[in-house]
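Notes for the one structure printed next.
In mature numbering (1 follows the signal peptide of the UniProt record, and there is no 0), the protein residues as written are -24 to -1, 1 to 146.
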């Protein structure tokens, strides 16, 4: 029973950390690379936003490696979380908790597909923990400030799955 719970915690950790890395997509606009499906869409806050270009699988994997690098400052990583600066102000250790869990579980993540939904994006990824069987993840993103950012509620659910709480999620 304890082994099953540990596995679920590890998968939850991996999913959240992966999402933080994946959310870095779309920050490097390239001429002619735009796959934007909607010129003006409405976000949860009700304001009109223009969706950034849809990133490629290779771009997401490259960004993922950077974000999961312990040498990348948390202040950079949090730029790719919906409402990230406010979250960091409420809980400066939120990103650190997730990155450490990724390392402790010897996790690897590989993006396999990207699906644009207008002002939302879903990345499909394979996550492997401690050399086990791959788990398929669906990671949701929203357009915010000209970038694709990890949906905050999804990140908070991942923290909950880890048995942790964060003031940033209240």
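Beta carbons: idealized from backbone N, C-alpha and C, even for Gly.
Practice task
Put residue 114 into one of helix, strand or coil per three-state DSSP.
Solution key: strand
Exercise for the section: Put residue 104 into one of helix, strand or coil per three-state DSSP. Expected result: Three-state result, residue 104: strand.
Problem - Residues bridged to residue 125 (per DSSP) - result: 118
Exercise for the section: Label residue 27 either buried or exposed according to how many other C-beta atoms from any shown protein chain fall within 10 Å of its C-beta, with 16 as the threshold for buried. Expected result: buried
Handout entry: Distance between residue 125 and residue 38 (C-alpha atoms, nearest Å)
Key = 16 Å
Problem - Secondary structure of residue 14, DSSP reduced to three states - result: Its pLDDT being 35, under 50, residue 14 is placed unreliably in this model, and the coordinates cannot settle the point.
Problem - Whole-angstrom distance between residue 62 and residue 30, CA atom to CA atom - result: 25 Å
Handout entry: Among 130, 64, 141, 119, the one whose alpha carbon lies nearest that of residue 49
Key = 64
Exercise for the section: In the DSSP assignment, find the unbroken beta strand (DSSP E) run with residue 89 in it and report its ends. Expected result: 83 to 92
Exercise for the section: Report yes or no: do three or more beta-carbon pairs, one from the segment 116 to 125 and one from the segment 100 to 108, lie closer than 8 Å? Expected result: no
Exercise for the section: Within the same chain, show all residues whose beta-carbon is closer than 6 Å to that of residue 130, passing over the 5 residues directly before and after it, in chain order. Expected result: Beyond the five residues adjoining it in sequence on each side, residue 130 comes within less than 6 Å, by CB distance, of 116 in the same chain, given in chain order.
Practice task
With DSSP as the reference, label residue 52 as helix, strand or coil.
Solution key: helix
Problem - Exposed unless 16 or more other CB atoms sit within 10 angstroms - verdict on residue 75 - result: Counting Cβ neighbours within 10 Å, residue 75 comes out buried, since at least 16 surround it.
Exercise for the section: Would you identify the three-state DSSP class for residue 99, choosing helix, strand or coil? Expected result: strand
Exercise for the section: Output the distance between the C-alpha atoms of residue 59 and residue 108, rounded to the nearest integer angstrom. Expected result: 33 Å
Practice task
Run through the segment 34 to 80 for me and flag every whole alpha helix (DSSP H) of 4 or more residues, listed as ranges in chain order.
Solution key: DSSP runs (the alpha helix (DSSP H)) wholly in the segment 34 to 80: 50 to 53, 60 to 66, 70 to 80.
Exercise for the section: Would you mind working out which of 118, 70, 87, 79 sits nearest residue 158, comparing C-alpha positions? Expected result: A question about residue 158 goes unanswered here, because the residues of the chain that appear run from -24 up to 146.
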